[in-house]
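Data block below; observations after.
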Amino acid sequence: MRTPLETSAVGATAGLPPKGPAQLLFWRLFIINGLLFAIGTLVLALSPATVSSPVLLTEVPVLLIGLALILAANAALVRASLAPLDALTTVMRRVGLLRRGGDRAPEAGNGDLEHLIRTFNEMLDRLEAENSASSALALAAQEGERQRISRELHDQIGQSLTVALLSLKRVVDRSPDELREESLVAQAAVRASLEEVRQVAQRLRPGVLADLGLRSALSSLGSEFSRSSGIPVVWELDDDLPDLSGEVELVLYRIAQEALTNVARHAHATRVDFALTSTPEGLTLRILDDGTGGEFREGAGIRGMRERALLIGAELTVAARPSGGTDVRLVVPGVGARS
């Protein structure tokens with residue numbers, strides 16, 4: 065028995081290139097047409113029908129009927145052979161690499177096209193794996209950069225503003241009456257800038273997530289959202305959430321953060337329902353608003369949410385609600401132990 069390598073060598077020596085799907089498809093169509101013409105020739109040879117020279121008018125219908133039968137049989141056989149390509153084309157048009165286990169073409173049909181479709185599905189699997197790995201590296205670098213900027217804001221700019229605020233306090237205490245009002249305005253502006261810097265640093269690196277856990281971090285996020293946007297948040301957080309890894313907690317926090325940011329920017333909502341619950345499907349994060357909703361295009365924000373969901377094998381759906389508004393739903397089918 066020859067090994068695959070020996071078989072390849074024999075084929076190369078004989079000058080026979082390996083047959084790919086295109087070559088197999090060519091031979092399939094060639095054989096179909098050859099068989100049809102052979103059958104047509106055999107029928108003409110064995111039938112009592114004859115063709116005069118020149119062709120008589122009474123013989124024209126017979127020839128046309130025979131030609132029509134051959135063409136119809138050829139069209140039916142070729143169409144049946146190429147039918148799986150329609151399904152493959154449909155999947156190619158709608159496939160997306162940011163959806164876990166996305167569309168796959170059904171591996172049906174004759175052997176050569178089935179091999180082609182299977183190869184296409186395997187290519188999608190590889191692309192999804194490579195895209196997930198690339199996204200993981202990019203998001204890890206992004207989180208590292210967020211932490212660096214957060215530290216610099218807190219340690220450098222925050223401390224500088226604190227020093228400036230203390231200096232302004234001494235200036236206000238010593239300033240004459242005609243300059244006191246301007247000094248107080250400057251002091252208030254520096255205090256507001258310091259508070260903004262602290263909020264930005266907290267959004268970049270949620271220290272409460274590492275210190276107090278996911279529930280406290282989400283509650284703090286919702287409180288800050290309500291305070292800045294004026295939109296009330298109705299909470300539903302399970303008391304007995306399963307133990308989560310640090311990566312899963314960070315993904316849940318970032319997706320909730322981005323969803324609330326989208327509500328504040330685009331939804332024109334008057335209420336947000338926020339739920340983190342354990343369901344038979346897995347851990348489910350759901351954020352619903354009563355805003356405008358409707359048709360929307362997925363921008364960089366939603367794309368980033370999908371990339372983060374892929375990192376933990378979660379399924380993210382963003383859809384318009386029938387009553388108006390948007391429904392963001394993240395399902396984590398499996399969770400790991402806390403790292």
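Residue numbers (the working numbering): 65 to 403.
Beta carbons are placed, not taken as given, at the ideal position from N, Cα and C, and that holds for glycine.
Computed from a prediction, not measured in an experiment: that's the story for all the values here.
Can you list, in chain order, the stretches of the alpha helix (DSSP H) that have 4 or more residues and sit fully within the stretch 257-335? 271-276, 278-293 and 310-326
Straight-line CA distance for residue 243 to residue 236? Numbered from its first residue, the sequence shown carries residue 243 at position 179. Numbered from its first residue, the sequence shown carries residue 236 at position 172. C-alpha separation (whole angstroms): 8 Å.
With respect to the beta strand (DSSP E) encompassing residue 168, which residues constitute its N-terminal and C-terminal limits? Residue mapping note: residue 168 aligns to position 104 of the sequence shown, counting from 1. Residue 168 -> no beta strand (DSSP E), and no H or E assigned at all.
Beta carbon of residue 355, beta carbon of residue 328: below 8 Å? Position 291 of the sequence shown, counted from the first residue, corresponds to residue 355. Position 264 of the sequence shown, counted from the first residue, corresponds to residue 328. No, these two residues do not count as a Cβ contact at 8 Å.
If distances are taken between C-alpha atoms only, which option among 134, 185 and 137 comes closest to residue 159? Translated into the one-based positions of the sequence shown, residue 159 becomes position 95. The shortest Cα separation from residue 159 among 134, 185 and 137 belongs to 185.
If you draw a straight line from the alpha carbon of residue 266 to that of residue 170, how long is it in whole angstroms? Here residue 266 refers to the residue found at position 202 of the sequence shown. Here residue 170 refers to the residue found at position 106 of the sequence shown. Computed Cα separation, rounded: 48 Å.
Can you tell me whether residue 381 is helix, strand or coil according to DSSP? As a first step, residue 381 is located in the sequence shown; it is residue number 317 there, counting from the start. In this structure, residue 381 counts as strand in the three-state DSSP scheme.
Taking residue 338 and residue 319 to be in contact with their CB atoms under 8 Å, please state how far apart those CB atoms are, rounded to whole angstroms. Here residue 338 refers to the residue found at position 274 of the sequence shown. Here residue 319 refers to the residue found at position 255 of the sequence shown. That pair is no contact at about 12 Å.
Please return the same chain residues whose Cβ sits closer than 7 Å to the Cβ of residue 106, not counting the five positions on each side in sequence. Mapped onto the sequence shown, residue 106 falls at position 42. Answer for residue 106: no residue qualifies.
Report the residue from 226, 268, 241 and 239 whose alpha carbon sits nearest the alpha carbon of residue 256. Indexing the sequence shown from 1 puts residue 256 at position 192. Nearest option by C-alpha distance: 226.
Inter-residue spacing [alpha-carbon to alpha-carbon] between residue 382 and residue 326: Here the question's residue 382 lines up with position 318 in the sequence shown. Here the question's residue 326 lines up with position 262 in the sequence shown. Approximately 12 Å, taken between the alpha carbons.
Which of the three DSSP states, helix, strand or coil, is assigned to residue 396? On the sequence shown, residue 396 is found 332 positions in, with the first residue counted as 1. Here residue 396 sits in strand by DSSP.
Residue 349 - partner residues in DSSP beta bridges: Position 285 of the sequence shown holds residue 349. Looking at the DSSP assignment, residue 349 forms a beta bridge with 340 and 394.
Are there 16 or more other CB atoms within 10 angstroms of the CB of residue 295, so buried, or fewer, so exposed? Indexing the sequence shown from 1 puts residue 295 at position 231. Buried, because 16 or more other Cβ atoms sit within 10 Å of the Cβ of residue 295.
What's the gap between the Cα of residue 285 and the Cα of residue 321? As a first step, residue 285 must be located in the sequence shown, where it is residue number 221. As a first step, residue 321 must be located in the sequence shown, where it is residue number 257. So the alpha carbons of these two residues sit roughly 7 Å apart.
Return helix, strand or coil for residue 124, following the three-state DSSP convention. Within the sequence shown, the letter at position 60 stands for residue 124. Residue 124: helix per DSSP, three-state reduction.
If distances are taken between C-alpha atoms only, which option among 154, 100, 168 and 153 comes closest to residue 137? By 1-based counting over the sequence shown, the position of residue 137 is 73. Among 154, 100, 168 and 153, the Cα nearest to that of residue 137 belongs to 100.
Can you name the start and end residues of the alpha helix (DSSP H) that residue 231 belongs to? The residue given as residue 231 occupies position 167 in the sequence shown. Where residue 231 is concerned, the enclosing alpha helix (DSSP H) stretches over 222-238.
Separation of residue 372 from residue 246, as counted between CA atoms: Locating residue 246 in the sequence shown gives position 182, where the first residue counts as 1. Locating residue 372 in the sequence shown gives position 308, where the first residue counts as 1. In a straight line, the C-alpha of residue 246 is about 48 Å away from that of residue 372.
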